[in-house]
Each structure stands twice: as structure tokens, then as C-alpha cells.
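See structure below.
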Amino acid sequence: MIKGNAKYNDQDYNFIYEGSILKLTLKHKGKPDYYFNTYCNVGNNCLVSLFIIGEVKDSRDTVIFKPRVIISNQNNNVIKIKIDYYITLKNKQTGYDGISIKIAKMNYLNFVEYLKYLDEKENGDINLLDFRVVKSVKEIFNYKGIDISCSFHVVRDINYKYPLAVYPAFDLYFNTIQNSRFLVALDKIIRDFLSFLFYRGDINIKEIRLMKKNDKDENYDRIGEMVFPEFNAHNYNFNQKVELYPSIRIRYINGHIGKILELISNNDLYLKHIPENGHVRDMRRVEKLPYIIEGFEIEFDKLYNNKNIQNMSFVQKIEYHIEHNNDTLSIFLHKIYNKYNKEFNLESFLSDIQRIQTLNDYDEIKNISYIVEIMEVMIYDLQLRRIDLSESNIIGALKVLFSL
1 MIKGNAKYND QDYNFIYEGS ILKLTLKHKG KPDYYFNTYC NVGNNCLVSL FIIGEVKDSR
61 DTVIFKPRVI ISNQNNNVIK IKIDYYITLK NKQTGYDGIS IKIAKMNYLN FVEYLKYLDE
121 KENGDINLLD FRVVKSVKEI FNYKGIDISC SFHVVRDINY KYPLAVYPAF DLYFNTIQNS
181 RFLVALDKII RDFLSFLFYR GDINIKEIRL MKKNDKDENY DRIGEMVFPE FNAHNYNFNQ
241 KVELYPSIRI RYINGHIGKI LELISNNDLY LKHIPENGHV RDMRRVEKLP YIIEGFEIEF
301 DKLYNNKNIQ NMSFVQKIEY HIEHNNDTLS IFLHKIYNKY NKEFNLESFL SDIQRIQTLN
361 DYDEIKNISY IVEIMEVMIY DLQLRRIDLS ESNIIGALKV LFSL
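With full-length UniProt numbering applied, the sequence shown covers 1 to 404.
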């Protein structure tokens with residue numbers, strides 16, 4: 001719960017914020033003498049465009065609320081508003097030079113392996129129970145003409161000694177900006193990147209810190225935080241079993257993270273086929289078939305930038321991609337067929353590909369779900385080739401992600 005004072009439509013209000021709802025109570029009784037936009041009064045998913053700026057009681061921190069919709073309004077004396085996100089700032093700070101996004105415990109082993117990989121390369125073994133700050137991978141990507149330095153690293157939660165609890169974190173630095181919507185966009189880019197990494201949409205952000213460069217020593221100081229309330233579709237809490245779902249190992253894409261982030265920031269990486277959460281990753285792949293087919297065609301056309309090749313039929317594109325990348329794809333084709341106790345045959349496979357486009361019955365599609373799984377692997381194969389991963393790293397990434 002947050003309490004304080006705020007300005008709304010040039011009037012003074014007391015506010016209480018709790019559970020994504022901001023309650024504004026007019027400081028002075030009686031109807032205020034200003035015109036209120038009745039078209040944006042209550043309900044109907046009516047979006048409120050302005051920000052509500054206030055001061056937190058006791059700490060006197062600045063708080064900035066981004067309203068989503070007005071829930072109720074009692075003659076402008078008491079107004080309840082659902083909030084999209086809010087920002088708190090210390091010492092009346094303005095402008096941001098960076099954000100630090102800490103991700104909840106997604107997958108211990110993925111990030112611990114990453115630490116071992118870096119340390120073994122330079123200094124030998126590491127005592128994982130002793131580390132506090134670890135080396136970072138720094139890469140650059142561009143968003144809306146602004147160069148952003150992305151530093152990926154891992155921090156340990158010192159409240160846990162066993163099992164080891166580590167959090168992946170992203171530090172994003174840029175020239176000073178004032179617009180909080182820019183921060184929201186960066187947050188979504190990182191969420192989408194993690195969805196790509198884990199092949200699931202339920203990315204839980206633990207904390208988003210707002211940073212500003214210190215003129216004295218060039219370090220970045222924490223000046224506040226950005227918080228998305230619980231109703232935000234991206235913020236779920238999941239148990240440890242779900243958090244330990246497989247993911248692409250960071251070491252396979254080391255040196256290519258900036259390129260992935262830039263593709264995502266330009267909406268140039270297909271993500272619609274990614275399951276909503278880890279629970280349904282296997283169960284829902286049949287329902288995702290239309291997106292999987294669309295995703296393959298889009299990523300194929302981007303990789304093979306040739307009109308003659310792009311004008312091929314869907315089945316021809318599948319065959320072409322297999323023929324030109326047989327050393328890699330044959331590994332996964334045979335592994336997936338073996339998993340379903342089947343023997344791979346290219347002619348039969350292409351026949352199933354032809355048939356799956358015309359099916360609309362759930363049970364019929366489910367009977368050849370191994371084809372859908374192969375299509376999922378092939379989309380990632382196309383995407384990883386677009387970011388110039390080596391054959392060995394593509395094989396390593398896909399083996400772990402799809403448990404093959």
C-alpha cells in the first residue's frame with residue numbers, strides 16, 4: 001500500500017494505492033469547479049492518457065502513476081482508477097540513464113552453467129557459494145535511433161544458501177531520456193527476449209530499477225523503480241517446477257544477444273507461436289499450429305531473401321530448408337521421430353506436412369503432433385541462422401531447448 005498526495009486535473013487529492021487500484025479523494029469537500037471529460041468517465045475500457053504525479057507520504061518520494069481505466073467516479077470527489085504501471089523517484093529526480101531489470105528465478109542451472117563457462121575460460125573453477133558480483137556480457141543494440149548498451153549478468157540472492165538461488169539481470173544504459181514509455185518498451189523487449197530464450201510467455205520480473213549516471217565517478221546510481229501491478233498479463237508467480245523448464249543456454253548465443261534484442265525491438269523476430277506458459281508448452285502445441293505454420297513461412301522468407309525461393313509452396317520451402325541444412329536438421333528429425341517410435345522418411349514426412357495444412361480437427365492433428373514439434377524446431381533453426389549462430393551452437397541450443 002502507498003499513501004500520499006497527488007495532483008489530478010489541477011486539483012489536490014489524497015491517494016491510496018493498493019493492488020493495482022489508485023483511489024483519489026479530493027482534499028476539499030464539494031464538487032470541484034472544473035469540467036471533467038465525461039466520455040472518459042467510467043468503464044468501457046476507457047484509457048486515461050495523462051499521468052498522475054504525486055508525493056509519497058513520509059518518504060516524500062515522487063510517484064508517477066500511468067492510469068489505464070477509470071473504475072468509478074463520485075462527482076470527482078472520490079475516483080478509483082486501475083493503474084498500468086507506476087514509477088517512484090528519490091529526491092525529485094528527473095530523467096533516466098538506464099534501467100536494471102532483475103528476472104525472477106527462471107532456471108538456476110542455465111545461468112549457473114553460464115558462470116562456469118565464463119570462469120573456466122579465464123580463471124579456473126569458481127566457488128559458486130561465494131560469488132556476489134559476476135562478469136558481464138556487454139552488447140549494443142539500437143531502438144528508435146537510440147544506442148543501448150546491454151549488460152547481462154547474474155546475481156546471487158544471499159538469503160538462500162542451499163539450493164543456490166541466482167537471478168539473471170539486464171542493465172540497459174543509454175543517453176538521458178525523460179519518457180517513461182521508453183522504459184516500458186525496453187521492459188517488453190527484455191520479456192520477449194526471455195520468452196524466446198525459454199520458449200514460454202510467462203516471464204516474471206522481480207524488480208525494475210531506474211538508474212542515473214553519477215557525475216562524480218561515472219557510476220550509475222539507483223534513483224527509483226518501475227512497478228507493474230499484478231493484473232499486468234506478464235506478471236505471474238510460478239512454482240519452482242515450472243521455473244526449471246529448459247531454455248537456450250546463454251553460452252550458445254553469447255556475442256549475439258545484441259542482434260536478437262535489435263530484431264525483437266524492430267518486431268523482426270516471430271514470437272506469436274510461443275506458448276503462454278510452461279504448463280501448456282507440450283499440451284498446446286497443436287492449438288498453436290496456425291501460428292507455427294505462419295512463423296515458418298515468415299522466418300524462411302527472411303532468411304532466404306530471394307523471390308524465386310520465397311515463391312515456393314509451403315512444402316517446397318520445408319524440403320528446400322532440409323536439403324540445404326541437412327547436417328543439422330537430420331539430427332532433430334530422427335530424434336523426434338524416434339521419440340514417437342517412428343522411423344523418419346523424407347517422402348512420408350513431406351506428405352504429412354502437406355496434409356497438416358488442411359486439417360482442422362484437433363484429434364487428427366494430435367495424431368501427427370510429431371510434425372508440429374519438428375516445425376517448432378525448424379522455426380528456431382531459421383531464427384538462429386538469421387543471427388549468424390554457428391552450426392555447433394545451433395545444435396547445442398536446440399538440443400537443450402527441446403530436450404532432444
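Think of the CB as a built atom: it goes at the ideal place given N, C-alpha and C, for glycine as much as any other residue.
- DSSP, read as helix, strand or coil, puts Gly98 in strand.
- Within the segment 322-368, the runs of alpha helix (DSSP H) at least 4 residues long that lie entirely inside it are, in chain order, 326-339, 346-356 and 362-367.
- In chain order, Ser100 and Ser151 place their CB closer than 6 Å to the CB of Asp171, counting only its own chain and leaving out the 5 sequence neighbours on each side.
- Looking only at Phe174, His153, Thr176 and His256, the smallest Cα-Cα distance to Tyr167 is reached by His153.
- For Asp221, the enclosing beta strand (DSSP E) has its first and last residue at Tyr220 to Val227.
- Taken in chain order, the complete beta strand (DSSP E) segments of 3 or more residues contained in the segment 50-77 are 52-56 and 62-74.
- Between Phe314 and the set Asn305, Ile331 and Gly295, the nearest pair of CA atoms involves Gly295.
- In the DSSP assignment, His153 forms a beta bridge with Ala169.
- For the pair of segments examined, the segment 170-184 was found to touch the segment 86-101: the number of CB pairs separated by less than 8 Å reaches three.
- Each of Ile70, Ile21 and Phe174 was checked against the Cα of Tyr86, and the nearest Cα belongs to Ile21.
- Pairing Leu404 with Phe332 gives a Cβ-Cβ distance under 9 Å.
- Minimum Cα-Cα distance from Lys90 among the listed residues Lys57, Pro67 and Ile71 corresponds to Lys57.
- Counting along the chain, Glu299 sits inside the alpha helix (DSSP H) bounded by residues Leu289 to Leu303.
- Checking the DSSP bridge columns, you'll see Glu207 partnered with Lys102.
- Boundaries of the alpha helix (DSSP H) harbouring Glu262: Ile257 to Ser265, taken from the DSSP string.
- About 5 Å separates the CB atoms of Ile322 and Leu329; that is less than 8 Å, so the two are in contact.
- Within the same chain, and ignoring the five residues on either side of Leu384 in sequence, the residues whose Cβ sits closer than 7 Å to its Cβ are Ile394 and Ala397.
- Closest in alpha carbon position to Asn214, among Arg249, Val227 and Thr176, is Thr176.
- Cβ neighbours of Ile146 within its own chain (closer than 6 Å, five residues either side excluded): Phe174.
- Comparing alpha-carbon positions, the option among Ile274, Lys302, Glu299 and Asp301 lying closest to Leu289 turns out to be Ile274.
- Residue burial annotation: Arg222 is exposed, with fewer than 16 other C-beta atoms found within 10 angstroms of its C-beta.
- CA-to-CA, the gap between Leu261 and Gln354 works out to about 34 Å.
- Using a Cβ distance threshold of 9 Å, Tyr320 and Ile309 count as a contacting pair.
- No residue range can be given for Asp268, since it is assigned to no alpha helix (DSSP H) and is classified by DSSP as neither H nor E.
- About 6 Å separates the Cβ atoms of Ile379 and Glu299, confirming a contact at the 8 Å cut-off.
- Around Phe51, the same chain offers Ile64, Phe65 and Lys66 as residues with beta carbons nearer than 7 Å, after the five sequence neighbours per side are excluded.
- Closest in C-alpha terms to Thr358, from the list Asn142, Ile293, Lys27 and Lys342, comes Ile293.
- Among the bridge pairs identified by DSSP, Lys80 is matched with Lys23 and Ser72.
- Take Tyr220, set aside five residues on each side of it, and the residues of its chain with a beta-carbon closer than 6 Å to its own are Gly98, Met211 and Lys213, in chain order.
- Membership of Asn393 in the alpha helix (DSSP H) is indicated by the continuous run Glu391 to Leu401.
- Considering only Ile81, Ser195 and Met312, the residue with the shortest C-alpha distance to Arg68 is Ile81.
- Boundaries of the alpha helix (DSSP H) around Lys307: Lys307 to Gln310.
- Around Leu194, the same chain offers Ile203 as residues with beta carbons nearer than 6 Å, after the five sequence neighbours per side are excluded.
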